[in-house]
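Chemist: Residue numbers (the numbering used here): 25 to 139.
In this text, a Cβ means the ideal position worked out from N, Cα and C, and glycines have one as well.
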Amino acid sequence: IDGKYFVKKSTIKIDPSSGSTQALDLYKIPQRYTDDNKKTKKTKKKSGSYSVGDVVNFKGGTHYVSSYKGAKGLTAKAGPAKISKINKGSAHPYHLIHTDGKSNVYGWVDSGTFS
Numbered sequence: 025i026d027g028k029y030f031v032k033k034s035t036i037k038i039d040p041s042s043g044s045t046q047a048l049d050l051y052k053i054p055q056r057y058t059d060d061n062k063k064t065k066k067t068k069k070k071s072g073s074y075s076v077g078d079v080v081n082f083k084g085g086t087h088y089v090s091s092y093k094g095a096k097g098l099t100a101k102a103g104p105a106k107i108s109k110i111n112k113g114s115a116h117p118y119h120l121i122h123t124d125g126k127s128n129v130y131g132w133v134d135s136g137t138f139s
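1) Pull the bridge partners of residue 135 from the DSSP assignment, please.
2) Would you say residue 106 and residue 123 are within 8 Å of each other, going by their C-beta atoms?
3) Could you pull out every residue in the same chain whose Cβ sits closer than 7 Å to the Cβ of residue 116, ignoring the five residues on either side in sequence?
4) According to DSSP, simplified to helix, strand and coil, what is residue 95?
5) Report the option in 35, 102, 120 whose CA atom is closest to the CA atom of residue 126.
6) What's the gap between the Cα of residue 128 and the Cα of residue 80?
7) Taking residue 50 as the reference, give the member of 43, 30, 39, 111 with the closest Cα.
8) Would you identify the three-state DSSP class for residue 123, choosing helix, strand or coil?
9) Sort out for me which residues DSSP pairs residue 117 with in a bridge.
10) What does DSSP give as the partner residues of residue 37 in its beta bridges?
11) Go ahead and pull the three-state DSSP assignment for residue 31.
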């Protein structure tokens, strides 16, 4: 079976002479549409002109659990990411979420850590 499924119903039949059998009624979860061949328009942005929804290139480095100064930080790999939140004026103002397997960024980052 290919894909992801929910189990709607599970039936177990127990027969002392032949053992037990299990029957599953499954519901296939629809796969999200992705167009891997779609070309994204690359535009140069001036520093500070980024918006929620922009796809950027994270340069690698630290991502933080919070946008505030003193937040715990972990190392993240470089790669494409989407800006999901902006908290202007904070120590780590941009929240990035990786868009593929190249990067593992999922947190708040500093200005200048992406282009």
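Modeler: On the basis of the data shown:
1) Answer by DSSP bridge pairing: none, since residue 135 is not bridged.
2) Yes.
3) Around residue 116: 88, 91, 95, 132, 133, 134.
4) Residue 95: coil per DSSP, three-state reduction.
5) For residue 126, the closest of 35, 102, 120 by C-alpha to C-alpha distance is 102.
6) Roughly 14 Å separates the two Cα atoms.
7) The shortest Cα separation from residue 50 among 43, 30, 39, 111 belongs to 30.
8) Collapsing the DSSP output to three states places residue 123 in coil.
9) Per DSSP, none; premise fails for residue 117.
10) Note: residue 37 sits in a beta bridge opposite 45.
11) Strand, per DSSP.
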